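A.B. asks:
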Amino acid sequence: PYPDAGYLGHIDGAIFNNMIAATSAALFASDSGFDAGITLEQARGALVYHNTVCSSTAPFSSIEWRWDNTMVYLYNNLVCHNLRDRGGEAVTGGNVENADISWFEDLNTGDLHLTVGSASVGTPVPVDEESYYSYDFDGDERTVPLTPGADEPQ
């Protein structure tokens, strides 16, 4: 579907409503470490909506996109650190960077549900692909206004 893009490793996929938590000292100390929660390499047309990525130690990036052939859409993601452009293109909106760990139930156990009172973090944007944002990580229906990240507080 993208004849002028050259090599592509991923075409028109979707990454949505995921909770990614990293707290292991052994992981951070390993040779591989925790480089990024979501990495998009040579991806074209990928939809990355309503994900939550948080780690106790700063990674290189929470969500990143790289290489010239990459063109992705990142909307309404909630991350404790940063989004990073490493080449390619991304259309972004409604993302929240540098989220405070206190916004989450318990990062140490991987529970990235939002705490009471953190429901109005950021300003998410509506997206056309309704199936990607109608329900959250737990299957709870999203209401307007939307909340960034994988959890929609009830």
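Everything in the sequence shown is counted per the numbering used here, starting at 980 for the first residue and increasing by one. Glycine included, C-beta positions come from ideal geometry on N, C-alpha and C. These numbers come from a predicted model, not from an experiment.
#1: Checking contacts by CB at 9 Å: is residue 1004 closer than that to chain C?
#2: For the pair the region 1030 to 1044 and the region 1054 to 1068, tell me if three or more CB-CB distances fall below 8 Å.
#3: Hey, how far is the Cα of residue 1088 from the Cα of residue 1116?
#4: Can you tell me which of the three DSSP states residue 1008 falls into?
#5: Would you please state the rounded distance, in angstroms, between the beta carbons of residue 1049 and residue 1022? I believe it to be under 8 Å.
#6: Note down, in chain order, each residue of its chain lying with its Cβ closer than 6 Å to the Cβ of residue 1057, except the 5 sequence neighbours on either side.
#7: Flag residue 1030 as yes when its Cβ comes closer than 8 Å to any non-hydrogen atom of the ligand FMN, and as no otherwise.
#8: What number of angstroms, rounded off, separates the C-alpha of residue 992 from the C-alpha of residue 1102?
#9: Give me, in chain order, the residues of the same chain whose beta-carbon lies closer than 6 Å to that of residue 1069; leave out the 5 immediate sequence neighbours on both sides.
#10: State the DSSP-derived secondary structure class of residue 1044, mapped to helix, strand or coil.
#11: Whole-angstrom Cβ separation of residue 1034 and residue 1001, contact assumed at under 8 Å?
#12: Skipping 5 residues on each side, what residues in its chain have a beta carbon closer than 8 Å to that of residue 1080?
#13: Based on Cα-Cα distance, which residue from 1047, 1071 and 1028 lies nearest to residue 998?
#14: Excluding sequence positions up to five away, which residues of its chain have a Cβ less than 6 Å from the Cβ of residue 1046?
#15: Identify, in the order they occur along the chain, each residue of the same chain with its Cβ nearer than 7 Å to the Cβ of residue 1121, setting aside the five sequence neighbours on each side.
C.D. replies: Result, derived from the coordinates:
#1: Structure shown: chain C not included; a single protein chain is present.
#2: The answer is yes - the region 1054 to 1068 touches the region 1030 to 1044, with three or more Cβ pairs under 8 Å.
#3: Residue 1088 sits at position 109 when you count from the first residue of the sequence shown. Residue 1116 sits at position 137 when you count from the first residue of the sequence shown. Cα-Cα distance, rounded: 16 Å.
#4: Start at 1 with the first residue of the sequence shown, and residue 1008 comes out as number 29. Reduced to three states, the DSSP call for residue 1008 is helix.
#5: The residue labelled residue 1049 in the question sits at position 70 within the sequence shown. The residue labelled residue 1022 in the question sits at position 43 within the sequence shown. A Cβ-Cβ separation of about 5 Å places residue 1049 in contact with residue 1022 under the 8 Å criterion.
#6: Within the sequence shown, numbered from 1, the residue matching residue 1057 stands at position 78. 1031, 1075, 1078, 1127 and 1128, listed in sequence order.
#7: In the structure shown, the ligand FMN is absent, as is every other ligand, since no ligand is present at all.
#8: Indexing the sequence shown from 1 puts residue 992 at position 13. Indexing the sequence shown from 1 puts residue 1102 at position 123. Each residue's alpha carbon lies about 25 Å from the other.
#9: By 1-based counting over the sequence shown, the position of residue 1069 is 90. Same-chain partners within the cutoff: 1044, 1051 and 1053.
#10: Indexing the sequence shown from 1 puts residue 1044 at position 65. In the structure shown, the three-state DSSP call for residue 1044 is strand.
#11: Taking the first residue of the sequence shown as position 1, residue 1034 is located at position 55. Taking the first residue of the sequence shown as position 1, residue 1001 is located at position 22. Right, the Cβ-Cβ distance comes to about 4 Å (below 8 Å), so this counts as a contact.
#12: Against the sequence shown, residue 1080 aligns to sequence position 101. If you ignore the 5 residues before and after residue 1080, its C-beta comes within less than 8 Å of the C-beta of 1033, 1035, 1059 and 1086, all in its own chain and listed in chain order.
#13: Position 19 of the sequence shown, counted from the first residue, corresponds to residue 998. It is 1028.
#14: Position 67 of the sequence shown holds residue 1046. Only 1020, 1021, 1066 and 1067 meet the Cβ criterion.
#15: Along the sequence shown, read from residue 1 onward, the residue named residue 1121 stands at position 142. Cβ neighbours of residue 1121 beyond the five flanking positions: 1112, 1113, 1114, 1115 and 1131.
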